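Down below is the structure, laid out as structure tokens.
There are 2 protein chains.
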Amino acid sequence: MALRFELLARSGGARRGRLTLPHGTVETPVFMPVGTQATVKAMAPGELKELGATIILSNTYHLYLRPGEEVIRAAGGLHAFMNWDRPILTDSGGFQVMSLSELRKIEEEGVWFRSHLDGSKHFFTPERVVEIQETLGSDIMMVLDECPPYPADYAYVKQSTERTTRWAARCKKAKTREELSLFGIVQGGMYKDLRARSVEELVALDFPGYGIGGLSVGEPKELMYEVLDYTTPLLPGDKPRYLMGVGSPNELFAAVAAGVDMFDCVLPTRQARHGKVFTTRGEINVRSARYAKDFGPIDPDCSCRVCREFTRAYIRHLLKANEILGVRLTTWHNLHFLLNLMEEMRKAIEEDRFAESWREFRSLYESGGEDF
Amino acid sequence: MALRFELLARSGGARRGRLTLPHGTVETPVFMPVGTQATVKAMAPGELKELGATIILSNTYHLYLRPGEEVIRAAGGLHAFMNWDRPILTDSGGFQVMSLSELRKIEEEGVWFRSHLDGSKHFFTPERVVEIQETLGSDIMMVLDECPPYPADYAYVKQSTERTTRWAARCKKAKTREELSLFGIVQGGMYKDLRARSVEELVALDFPGYGIGGLSVGEPKELMYEVLDYTTPLLPGDKPRYLMGVGSPNELFAAVAAGVDMFDCVLPTRQARHGKVFTTRGEINVRSARYAKDFGPIDPDCSCRVCREFTRAYIRHLLKANEILGVRLTTWHNLHFLLNLMEEMRKAIEEDRFAESWREFRSLYESGGEDF
Numbered sequence: 001m002a003l004r005f006e007l008l009a010r011s012g013g014a015r016r017g018r019l020t021l022p023h024g025t026v027e028t029p030v031f032m033p034v035g036t037q038a039t040v041k042a043m044a045p046g047e048l049k050e051l052g053a054t055i056i057l058s059n060t061y062h063l064y065l066r067p068g069e070e071v072i073r074a075a076g077g078l079h080a081f082m083n084w085d086r087p088i089l090t091d092s093g094g095f096q097v098m099s100l101s102e103l104r105k106i107e108e109e110g111v112w113f114r115s116h117l118d119g120s121k122h123f124f125t126p127e128r129v130v131e132i133q134e135t136l137g138s139d140i141m142m143v144l145d146e147c148p149p150y151p152a153d154y155a156y157v158k159q160s161t162e163r164t165t166r167w168a169a170r171c172k173k174a175k176t177r178e179e180l181s182l183f184g185i186v187q188g189g190m191y192k193d194l195r196a197r198s199v200e201e202l203v204a205l206d207f208p209g210y211g212i213g214g215l216s217v218g219e220p221k222e223l224m225y226e227v228l229d230y231t232t233p234l235l236p237g238d239k240p241r242y243l244m245g246v247g248s249p250n251e252l253f254a255a256v257a258a259g260v261d262m263f264d265c266v267l268p269t270r271q272a273r274h275g276k277v278f279t280t281r282g283e284i285n286v287r288s289a290r291y292a293k294d295f296g297p298i299d300p301d302c303s304c305r306v307c308r309e310f311t312r313a314y315i316r317h318l319l320k321a322n323e324i325l326g327v328r329l330t331t332w333h334n335l336h337f338l339l340n341l342m343e344e345m346r347k348a349i350e351e352d353r354f355a356e357s358w359r360e361f362r363s364l365y366e367s368g369g370e371d372f
Numbered sequence: 001m002a003l004r005f006e007l008l009a010r011s012g013g014a015r016r017g018r019l020t021l022p023h024g025t026v027e028t029p030v031f032m033p034v035g036t037q038a039t040v041k042a043m044a045p046g047e048l049k050e051l052g053a054t055i056i057l058s059n060t061y062h063l064y065l066r067p068g069e070e071v072i073r074a075a076g077g078l079h080a081f082m083n084w085d086r087p088i089l090t091d092s093g094g095f096q097v098m099s100l101s102e103l104r105k106i107e108e109e110g111v112w113f114r115s116h117l118d119g120s121k122h123f124f125t126p127e128r129v130v131e132i133q134e135t136l137g138s139d140i141m142m143v144l145d146e147c148p149p150y151p152a153d154y155a156y157v158k159q160s161t162e163r164t165t166r167w168a169a170r171c172k173k174a175k176t177r178e179e180l181s182l183f184g185i186v187q188g189g190m191y192k193d194l195r196a197r198s199v200e201e202l203v204a205l206d207f208p209g210y211g212i213g214g215l216s217v218g219e220p221k222e223l224m225y226e227v228l229d230y231t232t233p234l235l236p237g238d239k240p241r242y243l244m245g246v247g248s249p250n251e252l253f254a255a256v257a258a259g260v261d262m263f264d265c266v267l268p269t270r271q272a273r274h275g276k277v278f279t280t281r282g283e284i285n286v287r288s289a290r291y292a293k294d295f296g297p298i299d300p301d302c303s304c305r306v307c308r309e310f311t312r313a314y315i316r317h318l319l320k321a322n323e324i325l326g327v328r329l330t331t332w333h334n335l336h337f338l339l340n341l342m343e344e345m346r347k348a349i350e351e352d353r354f355a356e357s358w359r360e361f362r363s364l365y366e367s368g369g370e371d372f
């Protein structure tokens, strides 16, 4: 069995689960730090473990272009290449390729695209992205999908979603490595009937887990939650559900409340590089002049190593001076914040006080921000 | 007593010593990693300790401009600001200011210069640089000096060296914090009589230690060694000797053989950022295409954490993809290499086999390089 998923507890719609994969066990709901180019930016693998990360995400599109699958094959797979022995989920490259807009062309057979690195021309098919991900050796692989933009008209989303489903079937057929798992991806834009049909057809293909794609693509937050709250309960209750690319603290709470188990997002690492850090009282930008002589920690309520050892004033100095250590410290803190948040959510679900826990978090998080 | 220096052993001209400073003990000969902007580039303080660094160097010029002495004063000094509780040596800013060439003007009273950051105008005097370094709280402060370029004519070097000595006397007079130590700096360019006079006049001022400046400024290696071999024995045998800004492996051996005790150099950290790494068989550039599928460590004979955990192929990929972790790993390895080299030198001196140890090192170091 490549994947085992047990449900341990519930609190309202929120689920507390345990996902067992070839490289280890993942307690859910879980946040997966993003390691686009075979590294979670600025972090070493051992540090991710110290932070409690149990699974990371990496990107097929980027790794295919650089270092190339031949290098990773020769290394014995992505785990060995990057020295990470815990589970890895890889996306199919679909999202990145579709984002190239002017540089790509979608056909029934697959998608042509040009490399953002050197303009060279490439072709991804459902079969090809499974082949690459099997070379990477991902514990969880994702099917090739198209993520329609927002807004997009009904006719376009309909034909795109139908093709995504056909591609999902081809991916499943192409899969050869039994120990690895392949997830389907629900699309359907903001149209409930298309979402329902996407779920129905993918479930008929019987995947061991399902991604929910095509959200957080520019639509109003209300609409995103509406589609999410509608779609999630349609999915089989005994399979893991993964909301792709979503990861602000409030979104994580809302999605867990809707019954989602897995998340990835570049937000904590990308924001960190611009000095934006999470605190229990909201986000602050530690580059701000107001922190020049602030010798307190990023977040007085945080227990992470950065908050124990370094001050806002020092981190601000490092960032202003373009010193690598600055980005290391803000990245560390932000990842700790989200990983710790998920840990608290898991506890709250076990104790059946998830809604209360969310309310408590939100009342503090929306209280201060730049002003505290 | 602000500084205690004990000589523990000798092997030829090489000295094995122990330097006791307010923030701890430093076994010599010692290499001091450079933390220009209150951080050794890409490294965290705890990592420097893990590598065995016992003292680091920081730069008065850079810290004066950013974050500014007021911030560091408010933090309670540089140790607290950067969370480094072991000894710190700071240069006076003289070398950086003099390097600005077009942007500075030297007078008897001090030196005018423009900030490389914003063009603002500033004035450093011997008294002022001591004041700033006392605010930083450096275990070892350096006097304001002028480092003449190479080549420079006799008349110029003579008047410059005389002024450096006058400035040294003013620095000494300006010093107020008893627990901190101030080192003089020997200049004199490539002229032996000027070097001898510089030593004589500085020694008359009775500093607790002496920097040897003005070497490795573009002169041929032979000439540098000639001046170094001439100058070092003129210095008092019971005081620490610090060769400023020198740090390639062979130069370190040569200078220790001449009786030098302390070193700093940006070489290991700067080279690391360009993929150039030390190995026991010479330098290699790990960015080279030849390492794309090389799954061995940077240096098969190295025991550092990077060589135990990561491959040349992975590090090459990280550097090519501009990932911070790449620079972190090469920096870690290069610092380990030099700190470990000093450790081996200290052992060799204790066992009175320094010359032999140098021969062994050199025969291997010059054997391979790019080709192994």
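One line per chain: the protein sequences are Z and E, in this order. Residues in the first sequence are numbered consecutively from 1, following this note's numbering. Residues in the second sequence are numbered consecutively from 1, following this note's numbering. Cβ atoms here follow ideal geometry from the backbone N, Cα and C, with glycine treated the same way. As the structure is a computational prediction, the values presented were derived from the model and not from experiment.
**Study point:** Nearest-angstrom Cβ-Cβ length linking Z:ASP145 and Z:SER92, presumed shorter than 8 Å
**Key:** 7 Å
Review point. At what residue ranges does the segment 298 to 325 of chain Z contain a whole run of the alpha helix (DSSP H), taking only runs of 4 or more?
Key: 305 to 309, 312 to 320
**Study point:** Those runs of the alpha helix (DSSP H) which lie wholly inside the segment 229 to 294 of chain Z and span at least 4 residues
**Key:** 249 to 257, 267 to 273
**Study point:** Test item: CB-CB of Z:MET142 and Z:PHE183 under 8 Å
**Key:** yes
Review point. Hey, how far is the Cα of Z:VAL157 from the Cα of E:GLU283?
Key: 56 Å
Practice item. Give the straight-line distance between the Cα atoms of E:GLU343 and E:GLY237, rounded to the nearest whole angstrom. Key: 22 Å
Check your understanding: How about the segment 238 to 255 of chain Z and the segment 204 to 213 of chain Z: do they share at least three Cβ pairs that are nearer than 8 Å?
Key -> yes
**Study point:** the segment 217 to 235 of chain E in contact with the segment 328 to 345 of chain E per 3-pair CB rule at 8 Å
**Key:** no
Review point. What residue range is occupied by the uninterrupted alpha helix (DSSP H) comprising E:MET98?
Key: 94 to 99
Practice item. Could you spell out where the beta strand (DSSP E) holding E:TRP112 opens and where it closes? Key: 111 to 114
Check your understanding: Hey, is E:ARG66's beta-carbon within less than 8 Å of any beta-carbon in chain Z?
Key -> yes
Check your understanding: So, does the CB of E:LYS239 fall closer than 8 Å to a CB anywhere in chain Z?
Key -> no
Review point. From the beta carbon of Z:ILE324, is the nearest beta carbon of chain E less than 8 Å away?
Key: yes
Review point. For Z:THR165 versus Z:LEU202, is the C-beta distance shorter than 8 Å?
Key: yes
Exercise for review: Please state if the CB of Z:SER181 and the CB of Z:LEU3 are separated by a distance shorter than 8 Å.
Suggested key: yes
Check your understanding: Using DSSP with H/G/I as helix, E/B as strand and the rest coil, what is E:ASP91?
Key -> strand
Review point. Which two residues bound the contiguous alpha helix (DSSP H) that contains Z:GLU127?
Key: 126 to 136
Check your understanding: Going straight from the alpha carbon of E:GLU251 to that of E:MET345, what length do you get?
Key -> 13 Å
Review point. Is it true that the CB of Z:ALA38 sits closer than 8 Å to the CB of Z:LEU65?
Key: no
Point to revise | Separation of E:ASP299 from Z:ASP371, as counted between CA atoms | key: At Z:ASP371 the pLDDT is 49, less than 50, meaning the model places this residue with poor confidence and gives no usable figure here.
Check your understanding: Counting Cβ pairs, one atom from each stretch, are 3 or more of them under 8 Å apart for the segment 328 to 335 of chain Z and the segment 5 to 17 of chain Z?
Key -> no
Review point. Ends of the alpha helix (DSSP H) at E:GLU108?
Key: Segment: none, E:GLU108 is in no alpha helix (DSSP H) and carries neither H nor E.
Check your understanding: Quick one: is E:GLN159 buried, meaning 16 or more other Cβ sit within 10 Å of its Cβ, or exposed?
Key -> exposed
Review point. What separation, rounded to the nearest whole angstrom, lies between the Cα atoms of E:LEU375 and E:PRO208?
Key: The shown model of chain E, from 1 to 372, leaves out residue 375 of chain E, and the question about it has no answer.
Check your understanding: How many angstroms separate the CA atom of E:MET82 from the CA atom of E:GLY137?
Key -> 12 Å
Check your understanding: Which whole-angstrom value is the C-beta distance of E:GLY94 and E:CYS147, which I expect to be below 8 Å?
Key -> 7 Å
Check your understanding: By the criterion of Cβ-Cβ separation under 9 Å, what are the contact partners of E:GLN96 in chain Z?
Key -> Within chain Z, no residue comes near E:GLN96; the closest Cβ sits about 15 Å away, beyond 9 Å.
Review point. Hey, is Z:VAL277's beta-carbon within less than 8 Å of any beta-carbon in chain E?
Key: no
**Study point:** Proximity to E:ALA9 [Cα-Cα], best of E:ALA155, E:SER288, E:ILE349, E:ARG104
**Key:** E:ILE349
Check your understanding: According to DSSP, is Z:GLU6 helix, strand or coil?
Key -> strand
Review point. From the beta carbon of E:TYR291, is the nearest beta carbon of chain Z less than 8 Å away?
Key: no
Point to revise | Pick from Z:PRO67, Z:LEU48, Z:ALA53 that is closest to E:LEU319, judged by C-alpha positions | key: Z:PRO67
Check your understanding: Would you say Z:ASP317 reaches chain E, if we count a Cβ-Cβ gap shorter than 8 Å as a contact?
Key -> This sequence places His at residue 317 of chain Z; Asp is not what is there. Yes, Z:HIS317 counts as interfacial toward chain E.
Practice item. Select from the segment 17 to 44 of chain E all residues with a C-beta closer than 8 Å to any C-beta belonging to chain Z, and list them in chain order. Key: GLN37, ALA38, THR39, LYS41, ALA42, MET43, ALA44
Review point. Between Z:GLU309 and chain E, is there a C-beta pair that is closer than 8 Å?
Key: yes
Practice item. Under the assumption that Z:GLU127 contacts Z:ALA174 (Cβ atoms under 8 Å), give the Cβ distance between them as a whole number of angstroms. Key: 4 Å
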